[in-house]
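Asks: Could you have a look at this structure, given as C-alpha cells, before my questions?
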Amino acid sequence: MSFVTHKSINVQVKSPFKKIVNATVLSTFGTLLCFSQNVLAQQISGLVLNKQGQPINNAIVELGLDLQKVRTNSQGVFSFTNVKEGFFELHISAKSYGHSNQQVVVREDVTDLNVVLSRSVMEVIDVHSTPLHTSSIESALPINVLSEDELKMKQASTLGETLKNEVGVHSSYYGPVASTPIIRGLDGPRVLITQNGLDVGDASRVGPDHVVATETSTATQIEVLRGPATLFYGSGAIGGVVNVVDNRVPTSSDDEVDYLLQYNDVSNEQQASINIQTGTDNIAFHLDGFWRDSKDYKLAGEADIHEEEHEDHLHEEDEDHETHGDTRLDNSASTASGATLGSSYLFEDGFIGFSYGFMNREYGIPGHSHEEEHIDEDPLHLATEDDEHAGVFAKMQQDRWQVLGEYNIEQQFISKIATKFAYSDYQHQEIESGLVGTTFTNKSTEARIDLFHQDTYGWQGAWTVHYKASDFKALGEEAFSPPSKSEMLAIAWLEEKHFGPVLLQLGARVEQVNIEADDSLIGFEDPHHDELSTEPSHNEHHETLVSFDQQSFTPISASAGLVWDYQSGYNLGISMALSQRAASSGELFSFGPHIGTNTFEVGAMFDVHQEGDEIHVELAEQAPSVETSLNFDITFRKFNGDFGYVVSAFYNRIDDYYYQQDTGLVFVEDHGHEDEHEGESGLPILVYQQDDVEMYGTEAEFFYQVSSAFKTSLIADYIRARLVNADENDNLPRIPPMRIGAIMNYQADTFDSELSVSHYFEQDDISELETNTDSYTMIDANFNYYVAGVGDDLTLYLKGQNLTNEHARVHSSFLKEVAPLPGRNFSVGIRGSF
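When we follow the working numbering, the leftmost residue of the sequence shown carries the number 257, and every step to the right adds one.
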C-alpha cells in the first residue's frame, strides 16, 4: 500500500457573547445529546505492517475526528468496536515511520484492513495548531514541532530561547529574563502566541521586556507555523503562530505522572516541574506545577559593548591586563512559579472540561535604571532596602480560565462541534527600589466555535466563528500607551478535497476589529522654560488633551494551498495567501518613553515635526489602514528512507507595513535645569509610519541515518527584509543573520548523546539606527542515560551549552549592546514518568 496523505478540515465557530459562552457550550452539548442515532454498531480491525511485512508495535490508529484512538499490539493488530455506519478516515502513525490515512466506508464489519508504513528518517508528529488534521510533513505551510524528549532537552526559561534553534525561528533575547520568538524576521503584534489554540492574553507583544505568560516545562508539545496563519487565528497571526500544547483540559483519564528536576551553573538556576493525570471512566483530572529560581548569569566577556571596547584598548596598552573570570550580567536574576488544575467529563462521543491556572514571575530588567522622579509619589511598597534586586525589575502575574469541549455527531451533515473559551487576567509591574513605577494590565476574553461537516462530494470542511476582546491599561510614569479596548469578531470557512495524489485546501476569513483609546495628553517639554519659575515643570510642557475616534478595520484573508504526493515518500507543498492585519493599539496611540526599547514611541495617529528649537506633535491627517500581505511559500520534502529533507522558500510582500521611523529628534526629560541638556543623551523619537516592505528567504533541513544508531542533520536559514520605496538605507531593523548548523546524534540501548554546532554570520544589512553584529559559533552537547526498572521512564541527563565560552551578541535583541549571551553553561537533571 502506498503512502498517501489525506487531511480533514475543522471549522470553528466562536461565540461573540462572552457573558453566555459557558451557557452556550453546555446547552449546545445538552441539545445535541438528545439526537442519538439508532444504527447498528460495527467493528473496524486490521494490521499495521512495515514494508518487510513485519508487524509494527505501538502504532497509533485514530478513527475520524477524535472519535477513538487505539494502539497496535505486538502483532500489529488494532481494533475499533461500537462503530456506527458511515464514512470515516483512519490516521495511522508510528515512531520512526511515516503517516498513512485510509478512508473507510462502514456498512458492515471491516476486519481485513492492512496498512503498510514506510520508515522515515524524520520524526513525523501530528499538530494541533490548525483545524485541519495534519502533521509536520503534511502541510502546505512549513511547521516546526517540538515534543517529548526533544522539547525537554531544548526547554529554557523563556519561550524565545526554547525555540531559537528551530529553522526559520530566532529569539528577541531580552537577556535571559524575557524573549519572544521571531518567525522569518517578524515578531511582536505579527506573531501570535497561543495556548491550546487560544491567545495567551498577556502583554508580550507590547514590548520586548514583557515575558510571555506561558510555561514550556509543563507543555507536551510546541508548534510553530512559519508563515501567515490568519485564517485560523486572525490578523494578529499575519507572520506566524506559536502554539503551546498541554493537557490542562484533559481528554484522557489514563494514569500518568511526569516530573523533572534540573540545575545549571551559569545562573545557579534550580528548576522543578510535575504533571499529573488521572481519573475514572468518565471523569479526568489534571494537575501541573512548576518552580524556577535563577541568579545573575555568567558572561564570557564584558556586558556593555563600550566597556568591552575599553577593555580591548587596555589590552593593547598593557599586555599583562587581566579581566575578571566571573563576570555576570547585573539584574538578570528571576524567579517563577505556577500551577494548573483541570477536569473533564468524558462521554462516548466527546468531552467537556475546564481548567484554572496561575503564573507568577519576578525578574530583573537588565541595562535599565530609573531616576527617582520617575516613581509615583504614592507608590505601593513591595520590597525592603535589603531586597536582592538592584535597579529595575518586573513582577508579572496571570490568572487564566479555559473551557474546551467537543461533540462528534454521526450520520448527520454537521459531524463535529468544537468549542473553546478562555479568560485571562494579566498584570505586569515595573518596580525600582521596591516602588511601583508603571503597571500594565490586560483582561482578555476569547471564544470560538468550530462546526465540521461530513464529506460532501469529496469536500471536507468547517465553519468558524471567533470572538476576542481585550481591555488593556498602562498606568504610571512610563505608560507609553493610553488605556484601550479592542474587540474582534470573525467568521471563516475552510474546505479541502483530494484529487488523486493532490490535496487542495481553500479558505477565507473576514473580521471586524474595533479599537477605542482613552483621551491622552500629548506634547513635549519646552527646553527654554524659566528655570526660576515657581510653577511645576509640567505646566511648561506644550501639552494638549486629545480625544480619539473609534478605529475600525475590516481585515480580509484568503488562501489556497496544495500538497502533492508526486512520488512515494516525496511531496510538494505550495501556499498562496492574501492576509490583512489591523494595527495594534500601541502602533496607533503610543506617545511616551518606552524604557524596554530605550526609545520615545509615537503612534501612527500622530505627526511629529520640529519648528526652530521646539518639537511639535499633532494628530496625523491620514487615517491608518490595514496591513496587506501577499505571501507565497513552496516546500519540498523527502521523508522516507535513510535520507530526508525539507527545503522551503518564501516571498512576502506587505503593503502599508507599520514600522518605526527615526525622526532624527531626541527626547530629553527636563527636570528644571536648562543646562542639564547640554551634552545629555536622550531617547530617539520614533514615529510609527506605513510603507511597503518585501521579505524573502530560504530554509533547509537535511537528515541522514548513517547507521541504526548514528544520525546527522544539517540546517540553514536566511532572511532578507527591506523597504520597497526607501531612497537610501532600505533595511528593516533587527533582522536575524544567516545561520547554518549541524547536529550529530548517537542512540544506544541505555544512552544517547548529541553534539550540535551553530554558526551565525555577521549581520551587516542594517538600518540607520543599528550597528553591525559580529559572527559567532555556538557548540552545545547533551548526554542522556536511561535507567531501567524505575517507573515507565527515568532519564539522567547532562547538557553543555556554549562549550567554547563564546562571547556573542544577538542582532535581533534590543539589549545587544548591554546583554550578550550567557557564557559556558552545564546543566544536570533527572526526568521521568510512571
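Every residue gets a Cβ at the ideal spot worked out from N, C-alpha and C, and that includes glycine.
Can you pull the DSSP bridge partners for Pro437?
Replies: Taking the first residue of the sequence shown as position 1, residue 437 is located at position 181. DSSP lists Ser427 as partners of Pro437.
Asks: So Ser599 and Ile539 are in contact, right, with Cβ under 8 Å, and what is the actual spacing, rounded?
Replies: Numbered from 1 along the sequence shown, position 343 holds the residue referred to as residue 599. Numbered from 1 along the sequence shown, position 283 holds the residue referred to as residue 539. Rounded, the Cβ-Cβ distance is 7 Å, consistent with contact.
Asks: What residues are listed by DSSP as bridge partners for Gln916?
Replies: Taking the sequence shown and counting its residues from 1, the one referred to as residue 916 is at position 660. Tyr944, per the DSSP bridge assignment.
Asks: Whole angstroms is fine: what's the gap from Asn503's alpha carbon to Thr712's?
Replies: The residue you call residue 503 lines up with position 247 of the sequence shown. The residue you call residue 712 lines up with position 456 of the sequence shown. The straight-line gap from Cα to Cα measures roughly 33 Å.
Asks: Which one of Val377, Gly463, Ser352 and Asn338 has the shortest CA to CA distance from Glu843?
Replies: Position 587 of the sequence shown, counted from the first residue, corresponds to residue 843. Nearest C-alpha to Glu843: Gly463.
Asks: If you drop the 5 nearest sequence neighbours on each side, which residues of the same chain put their C-beta closer than 8 Å to that of Phe1007?
Replies: Here residue 1007 refers to the residue found at position 751 of the sequence shown. Answer for Phe1007: Phe1039, Asn1040, Tyr1041 and Tyr1042, listed in chain order.
Asks: Taking DSSP's pairing of strands, which residues face Leu750 in a bridge?
Replies: Residue 750 sits at position 494 when you count from the first residue of the sequence shown. Answer by DSSP bridge pairing, in chain order: Ala718 and Gly763.
Asks: Could you tell me which of Asp521, Glu379 and Val468 sits nearest to Leu1059, measuring between CA atoms?
Replies: Along the sequence shown, read from residue 1 onward, the residue named residue 1059 stands at position 803. Of the candidates Asp521, Glu379 and Val468, the one whose C-alpha sits nearest the C-alpha of Leu1059 is Asp521.
Asks: Assign Leu988 to one of three DSSP states: helix, strand, or coil.
Replies: Locating residue 988 in the sequence shown gives position 732, counting from the first residue. Leu988 falls in the coil class under three-state DSSP.
Asks: By how many angstroms is the C-alpha of Asp912 removed from the C-alpha of Val949?
Replies: As a first step, residue 949 is located in the sequence shown; it is residue number 693 there, counting from the start. As a first step, residue 912 is located in the sequence shown; it is residue number 656 there, counting from the start. Each residue's Cα considered, the two are about 8 Å apart.
Asks: In its own chain, which residues sit with a C-beta less than 6 Å from the C-beta of Glu955, not counting the 5 before and 5 after it?
Replies: Within the sequence shown, residue 955 is the residue found at index 699, counting from 1. Around Glu955: Val423, Gly424, Ser904 and Asp973.
Asks: Spatial neighbours of Thr891 within its chain, please: C-beta separation below 6 Å, excluding the five flanking residues on both sides.
Replies: Against the sequence shown, residue 891 aligns to sequence position 635. Contacts found: Pro398, Gly829 and Ser904.
Asks: Determine the contact status of Phe958 and Gly938, defining contact as a CB-CB distance below 7 Å.
Replies: Residue numbering aside, residue 958 sits at position 702 when the sequence shown is read from its first letter. Residue numbering aside, residue 938 sits at position 682 when the sequence shown is read from its first letter. No, the Cβ-Cβ distance between Phe958 and Gly938 is not below 7 Å.
Asks: Following the continuous beta strand (DSSP E) through Phe607, name the residue where it begins and the one where it ends.
Replies: Residue numbering aside, residue 607 sits at position 351 when the sequence shown is read from its first letter. Phe607 -> beta strand (DSSP E) spans Gly606 to Gly620.
Asks: Is the distance from the Cβ of Leu517 to the Cβ of Ile1086 below 7 Å?
Replies: The count along the sequence shown starts at 1 and reaches residue 517 at position 261. The count along the sequence shown starts at 1 and reaches residue 1086 at position 830. Yes, these two residues count as a Cβ contact at 7 Å.
Asks: For the alpha helix (DSSP H) holding Thr414, just list the boundary residues, first then last.
Replies: Residue mapping note: residue 414 aligns to position 158 of the sequence shown, counting from 1. Premise fails: Thr414 is in no alpha helix (DSSP H) and is neither H nor E.
Asks: Ile778 and Thr800 look like a contact to me (Cβ under 8 Å); what is the Cβ gap, rounded to whole Å?
Replies: Against the sequence shown, residue 778 aligns to sequence position 522. Against the sequence shown, residue 800 aligns to sequence position 544. Yes, they are in contact, since the Cβ atoms of Ile778 and Thr800 sit about 6 Å apart, within 8 Å.
Asks: What is the DSSP secondary structure of Tyr713, counted as helix, strand or coil?
Replies: Against the sequence shown, residue 713 aligns to sequence position 457. Correct three-state label for Tyr713: coil.
Asks: Assess, as a yes-or-no matter, whether the stretch 862–870 is touched by the stretch 338–348 under the definition of 3 or more beta carbon pairs within less than 8 Å.
Replies: With the cut-off at 8 Å, the stretch 338–348 and the stretch 862–870 do not touch.
Asks: Checking the sheet assignment: what are the DSSP bridge partners for Pro849?
Replies: To locate residue 849, count along the sequence shown from 1; it is residue 593. Paired residues: Phe856.
Asks: Return helix, strand or coil for Pro445, following the three-state DSSP convention.
Replies: Here residue 445 is taken as the residue at index 189 of the sequence shown, counted from 1. Here Pro445 sits in helix by DSSP.
Asks: How would you write the range of the beta strand (DSSP E) that Phe334 sits in, first residue to last?
Replies: Here residue 334 is taken as the residue at index 78 of the sequence shown, counted from 1. Where Phe334 is concerned, the enclosing beta strand (DSSP E) stretches over Val333 to Lys340.
Asks: Let's test the definition: count the other Cβ atoms within 10 Å of the Cβ of Glu525 and tell me whether it reaches 16, buried, or not, exposed.
Replies: As a first step, residue 525 must be located in the sequence shown, where it is residue number 269. Buried is the call here.
Asks: Report the rounded CA-to-CA distance for Asp582 versus His1063, giving the unit in angstroms.
Replies: Stepping through the sequence shown from its first residue, residue 582 is reached at position 326. Stepping through the sequence shown from its first residue, residue 1063 is reached at position 807. When rounded, the distance between both Cα atoms is 13 Å.
Asks: Suppose you measure from the CA of Glu641 to the CA of Asn587; what does that come to, to the nearest Å?
Replies: Counting from one through the sequence shown, the residue named residue 641 turns up at place 385. Counting from one through the sequence shown, the residue named residue 587 turns up at place 331. Because the pLDDT at Glu641 is just 37, under 50, the model does not fix this residue reliably, and the point stays unresolved.
Asks: Straight-line CA distance for Leu942 to Tyr1002?
Replies: Stepping through the sequence shown from its first residue, residue 942 is reached at position 686. Stepping through the sequence shown from its first residue, residue 1002 is reached at position 746. Answer to the nearest angstrom: the Cα atoms are 50 Å apart.
Asks: In angstroms with no decimal places, state the Cα-to-Cα distance between Ser216 and Tyr353.
Replies: Nothing about residue 216 can be read from this structure; the chain reaches only from 257 to 1090.
Asks: Residue ranges of each beta strand (DSSP E) run of no fewer than 3 residues wholly in the stretch 1007–1034, ordered along the chain?
Replies: Listed in chain order, the complete beta strand (DSSP E) runs (minimum 3 residues) inside the stretch 1007–1034 are 1007–1016.
Asks: Name, in chain order, the residues that DSSP records as bridge partners for Met861.
Replies: The count along the sequence shown starts at 1 and reaches residue 861 at position 605. DSSP, once it has assigned bridges, lists no residue as partnering Met861.
Asks: Using the Cα positions of Tyr960 and Tyr826, report the straight-line distance between them to the nearest angstrom.
Replies: Residue 960 sits at position 704 when you count from the first residue of the sequence shown. Residue 826 sits at position 570 when you count from the first residue of the sequence shown. Cα to Cα, the separation comes out at about 15 Å.
Asks: How many angstroms separate the CA atom of Ile687 from the CA atom of Gly848?
Replies: Your numbering for residue 687 matches position 431 in the sequence shown. Your numbering for residue 848 matches position 592 in the sequence shown. Between Ile687 and Gly848, the C-alpha separation is close to 18 Å.
Asks: With 16 other CB atoms within 10 Å as the buried threshold, where does Glu471 fall?
Replies: Taking the first residue of the sequence shown as position 1, residue 471 is located at position 215. Result: buried.
Asks: Pull up the CB-CB distance for Asp443 and Thr436, whole angstroms please, since I reckon it's below 8 Å.
Replies: Stepping through the sequence shown from its first residue, residue 443 is reached at position 187. Stepping through the sequence shown from its first residue, residue 436 is reached at position 180. That belief holds up - the Cβ atoms of Asp443 and Thr436 are roughly 6 Å apart, short of 8 Å.
Asks: Under three-state DSSP, which class holds Thr583?
Replies: Residue numbering aside, residue 583 sits at position 327 when the sequence shown is read from its first letter. Three-state result, Thr583: coil.
Asks: For the candidate residues Ala838, Ser523 and Leu660, whose alpha-carbon lies nearest to that of Ser1083?
Replies: Within the sequence shown, residue 1083 is the residue found at index 827, counting from 1. It is Ser523 whose Cα lies nearest to the Cα of Ser1083.
Asks: Please classify Thr954: does DSSP put it in a helix, a strand, or coil?
Replies: Reading the sequence shown from its first residue, position 698 is the one you call residue 954. The answer is strand: DSSP assigns Thr954 an E or B state.
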